[in-house]
Structures are given as C-alpha cells and as structure tokens.
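S.K.: Plus 53 on top of the position in the sequence shown (first one is 1) and you've got our numbering. This is the structure, below, for whatever I ask next.
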Amino acid sequence: MKSVHKSFIREILKVTEDKNIISFAGGLPNPKSFPVNEINDAVSKILSQNGDEILQYSTTEGYLPLREYIAERYSKKGLKVSADEILITNGSQQGIDLVSKVFLNKGDKVLLENPTYLAAIQSFGLFEPQFLSVPLLEDGVDIDSLQRILDENKIKMFYSITNFQNPTGITYSKEKRQKLAEILKNEDIVFVEDNPYGEIRFLGEDIPPVKVYLEDSVLFGSFSKIVSPGMRLGWIVANEEIMEKIIIAKQALDLHSNYFTQRAVYQYLIDNDIDEHIEKIKGMYRNQRNTMVSMIEKYLPENVEYTKPEGGMFLWVTLPEGLSSMDLFELAINENVAFVPGQAFYVDGSGINSLRLNFSNSNDEQIEKGIKRLGNAINELMN
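Structure below.
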C-alpha cells in the first residue's frame with residue numbers, strides 16, 4: 054500500500070466542491086442523460102413482480118438474461134461471443150482488479166499507453182508490477198515502439214483503451230487495430246481492451262474492437278456511460294479458460310455484483326430502446342465537444358495544441374514546451390476553473406505540459422466561461 058498513490062482526480066474533486074469553480078476535471082457523464090423515470094419504472098416493475106427473488110443472493114457470473122443481451126448486442130456489431138464468456142462486474146473498473154489478481158505476480162511487466170487512465174495505474178499498482186509505457190500517435194499506439202518494447206522485454210499484460218481514450222480522446226484506426234492484433238498473436242501476452250466509451254461515437258464510423266481480430270484478448274464494457282455510473286455495472290468478455298479463473302477471483306472478492314441493479318438495468322433495457330437513448334447522449338456530447346473546441350480556438354493562445362475527439366468525454370491539451378500544467382492548475386483555481394494536470398496520467402513522470410479537459414458535464418455557458426478563464430490563466434503563466 055505504501056507504493057500506491059492517492060487518486061489525483063479524487064483529490065482535485067475535493068477542490069472543485071466550491072460551486073464558484075467551473076470543473077472540467079471529473080470524468081462525469083452529463084446527469085441530464087440519466088433515464089431517471091425509466092429506471093424508476095423498471096425498479097417498480099421488478100419489485101412488484103419478483104421482489105423476493107431479486108433481493109436474494111445470486112450467481113457469480115451475473116444474471117443470465119443480461120449476459121445474453123450483452124452477447125447479442127456484440128453479435129450485431131460483428132463480435133461473436135457467448136453468455137458464458139461474459140461476467141458482470143462492479144463497473145468495468147473492477148475488471149482491472151480481477152485480471153490483475155488472475156495474471157499478475159509482483160515484478161511482472163505491464164505495458165500501458167503513454168498517457169493512460171489514471172485509475173488503471175492505481176489499480177494495477179496494488180499488485181506491484183513493473184510498468185513500461187508505449188507512446189500514442191493520433192491513430193493509436195506507436196507500432197514501431199511497441200515492437201521494440203516487445204523484442205526487449207517479457208511483457209505479461211498490455212492494457213489499452215482503444216476508443217476515445219481516457220485521457221487523450223484518441224481512437225485507434227481499424228488498420229492500427231489489425232496491425233496490433235497481428236503482432237500480439239505471436240506474443241505470450243494478455244491483451245486487455247478497456248472500452249467504456251465505444252458506444253458514444255458522435256462523429257465518424259464505428260470500428261470493431263481489437264478482440265474481433267485477437268480472439269484470446271480480454272475486453273471490458275460498461276453501462277456507466279450509456280445508462281448510469283451510479284449503478285456500477287460493467288462486464289468482462291474473455292474466453293472460457295480465462296473466464297474460469299476470473300470467476301474464482303470474483304467469488305473470493307464479492308460473491309457477485311449487485312443483483313438488484315442487474316435486474317433493474319435488464320428491465321430498463323428490454324422496456325426501452327437503448328439505441329434511441331444513446332443517440333440522445335451522442336447529440337448532447339457532440340454539441341458540448343464542438344462548443345469546447347470553438348472556445349479553445351477563441352480563447353486559448355495559438356501555440357496551444359489539442360485533440361479533436363470523435364466521441365467519448367475528453368480532449369487533451371498540450372502547452373508549449375517548458376510550461377507546467379501543475380503551475381497552471383494553481384493559477385486556474387484562482388480563476389475558478391479546474392482541470393486535471395497531465396502528469397498524473399503518465400507512469401514515467403512525463404506529460405508536464407499537458408492537461409485533460411472533460412466536456413460532457415458542462416453546459417455551453419459553463420464551457421465558454423471556463424475556457425475563457427483557462428485562457429487567462431495560460432496567458433498569465435506564459436507571461
């Protein structure tokens with residue numbers, strides 16, 4: 054535990070409890086997207102019809118009809134998996150813990166994207182691995198760097214966020230996914246593909262997960278971004294050999310994920326058109342993303358670079374060399390605007406001049422005010 058740091062984001066969120074601060078720090082879905090009335094109807098229905106059963110213990114694997122629903126949804130997107138290859142988890146975050154328990158011994162080498170999801174660094178860190186990192190390009194991982202790392206190291210696990218990556222918003226191209234799968238087929242590596250944002254592509258065409266090309270990989274999914282994060286429901290997709298071990302780890306961890314929530318979400322899904330609901334989320338996030346991009350162009354200095362994601366909830370800002378986003382954070386808080394300094398997303402201490410902005414949890418007025426304040430802070434830092 055001494056080697057595991059507090060979540061930088063969680064610490065920042067304490068600062069942003071001040072209602073005067075406009076926060077682009079948290080990775081929060083827009084609460085206006087939550088299907089409150091529909092969930093209320095689903096909960097009332099399941100309690101009135103099957104209350105005694107729903108309030109009881111259940112199986113470790115998760116509610117079978119829900120797993121079948123997930124498998125069927127994957128099949129429509131070109132990925133053939135069975136319900137037996139799906140395990141319901143306490144959010145996809147729990148998936149990181151479970152695969153770590155199954156595969157990692159102290160000192161094993163875990164390869165991460167550079168930068169990567171902060172909470173993944175924290176979760177993997179509990180198992181005392183040795184971290185290595187591979188750079189990201191605009192279309193995904195740097196293949197040449199990846200090959201060199203694999204040639205020089207015995208990597209146990211490679212963790213990747215292929216769609217609208219947290220923190221950068223970058224998405225792997227189809228060609229990059231195929232090339233990655235081709236390389237990893239010849240390696241004795243557990244490839245873990247985290248995909249919490251894949252359903253919320255608001256520009257461009259959907260791209261199949263790497264698992265379509267790499268059968269023995271592990272895939273995470275989540276209802277947090279398309280239904281509700283507070284319900285804490287996600288899942289793991291893995292072949293039956295791997296799944297057998299993950300189920301044992303899950304049994305030891307919490308017996309099973311919240312059965313009541315599983316039943317409520319399933320009832321919501323079969324009573325409503327989830328694709329119609331997702332389209333509403335996409336429209337909302339597309340507008341918020343476009344507003345943030347236009348405000349960045351208006352208020353931030355020209356020598357500040359940024360990504361233009363086609364989905365998800367984040368974009369990535371890079372300041373000119375020599376500037377520190379940690380120094381900027383202090384100035385930004387004085388301007389009543391918050392973000393996450395980029396260094397928190399790197400395992401090698403780099404990223405000093407980068408930062409992550411969340412656009413999904415702010416309205417147009419907040420985005421304009423917040424980016425204008427951020428521009429003031431950057432100008433103050435530069436001067």
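Backbone N, C-alpha and C define an ideal beta-carbon position, used for all residues, glycine too. For clarity, every value in this text was computed on a predicted model and none was experimentally measured.
Go to residue 89, then tell me how far its alpha helix (DSSP H) extends in each direction, as first and last residue.
M.R.: Residues 89-107.
S.K.: Among the residues of its own chain, which have a CB less than 7 Å from the CB of residue 291, if the five just before and after it don't count?
M.R.: 138, 271 and 299
S.K.: Check whether the Cβ atoms of residue 82 and residue 414 lie closer than 8 Å to each other.
M.R.: yes
S.K.: Identify, in the order they occur along the chain, each residue of the same chain with its Cβ nearer than 7 Å to the Cβ of residue 99, setting aside the five sequence neighbours on each side.
M.R.: 107, 316, 317 and 320
S.K.: Contact defined as beta carbons within less than 8 Å: I believe residue 396 pairs with residue 386. What is the distance between those atoms, to the nearest angstrom?
M.R.: Not quite, the Cβ-Cβ distance comes to about 16 Å (not below 8 Å), so this is no contact.
S.K.: Could you say which of 248, 263 and 164 lies nearest to residue 212 if we only look at CA atoms?
M.R.: 164
S.K.: Helix, strand or coil: how does DSSP classify residue 359 here?
M.R.: strand
S.K.: Would you mind stating whether residue 353 and residue 427 have Cβ atoms separated by less than 8 Å?
M.R.: yes
S.K.: Quick one: Cα of residue 96 to Cα of residue 119, how far?
M.R.: 15 Å
S.K.: Span of the beta strand (DSSP E) holding residue 212?
M.R.: Per DSSP, residue 212 belongs to the beta strand (DSSP E) from 208-214.
S.K.: Between 193, 340 and 152, which lies nearest to residue 295 when the distance is taken from Cα to Cα?
M.R.: 152
S.K.: Buried or exposed for residue 110, please, with buried defined as at least 16 other CB atoms from any protein chain shown within 10 angstroms of its CB.
M.R.: exposed
S.K.: Are the CB atoms of residue 400 and residue 141 nearer to each other than 8 Å?
M.R.: no
S.K.: Per the contact definition of three or more C-beta pairs closer than 8 Å, is the region 200-215 in contact with the region 236-243?
M.R.: Verdict: yes, contact present.
S.K.: At what residues does the alpha helix (DSSP H) containing residue 183 begin and finish?
M.R.: It is not in any alpha helix (DSSP H) - residue 183 instead sits in the beta strand (DSSP E) that spans 183-190.
S.K.: Return helix, strand or coil for residue 344, following the three-state DSSP convention.
M.R.: helix
S.K.: According to DSSP, is residue 285 part of a helix, a strand, or is it coil?
M.R.: coil
S.K.: With a threshold of 16 other CB atoms inside 10 Å of the CB of residue 218, please say whether the residue is buried or exposed.
M.R.: buried
S.K.: How long is the line joining the alpha carbons of residue 340 and residue 79, rounded to whole angstroms?
M.R.: 19 Å
S.K.: Under the rule that 16 or more other beta-carbon atoms within 10 Å means buried, what is residue 305, buried or exposed?
M.R.: Classification for residue 305: exposed.
S.K.: From the DSSP output, in three-state form, read off residue 142 for me.
M.R.: For residue 142, the secondary structure class from DSSP, reduced to helix, strand or coil, is strand.
S.K.: Three or more C-beta pairs closer than 8 Å, one from the region 332-348 and one from the region 250-260: is that the case here?
M.R.: yes
S.K.: With a CB to CB cut of under 7 Å and the five nearest residues on each side skipped, what residues in its chain are close to residue 145?
M.R.: 247, 249, 273, 274, 275 and 287.
S.K.: Select from 357, 391 and 345 the residue whose C-alpha is nearest the C-alpha of residue 418.
M.R.: 345
S.K.: Between residue 104 and residue 283, what straight-line distance do the alpha-carbon atoms span, to the nearest angstrom?
M.R.: 21 Å
S.K.: Work out the CA separation of residue 308 and residue 113 for me, nearest whole Å.
M.R.: 6 Å
S.K.: Could you check what DSSP says for residue 270 in three-state terms: helix, strand or coil?
M.R.: coil
S.K.: With residue 392 and residue 409 assumed to form a contact (beta carbons below 8 Å), what rounded beta-carbon distance in angstroms separates them?
M.R.: 6 Å
S.K.: Apart from the five residues just before and just after residue 225, which ones in its own chain have a Cβ nearer than 6 Å to its Cβ?
M.R.: 193 and 215
S.K.: Could you tell me the distance, in whole angstroms, from the CA atom of residue 39 to the CA atom of residue 279?
M.R.: Only positions 54 to 436 of the chain appear in this structure, which leaves residue 39 out of reach.
S.K.: Would you kindly check if the distance between the Cβ of residue 351 and the Cβ of residue 75 is under 8 Å?
M.R.: no
S.K.: DSSP three-state call for residue 277: helix, strand or coil?
M.R.: Here residue 277 sits in coil by DSSP.
S.K.: Please work out which residues of its chain come closer than 6 Å, Cβ to Cβ, to residue 327, disregarding the five sequence neighbours upstream and downstream, and give them in chain order.
M.R.: none
S.K.: Can you list, in chain order, the residues of its chain whose CB lies under 8 Å from that of residue 160, leaving out five sequence neighbours each side?
M.R.: 181, 182 and 183
S.K.: Suppose contacts are defined by Cβ-Cβ distances below 8 Å. Is residue 196 in contact with residue 232 by that definition?
M.R.: yes
S.K.: Starting from residue 176, follow the beta strand (DSSP E) in both directions and report where the run begins and ends.
M.R.: Careful: residue 176 lies outside any beta strand (DSSP E), inside the alpha helix (DSSP H) at 171-178.
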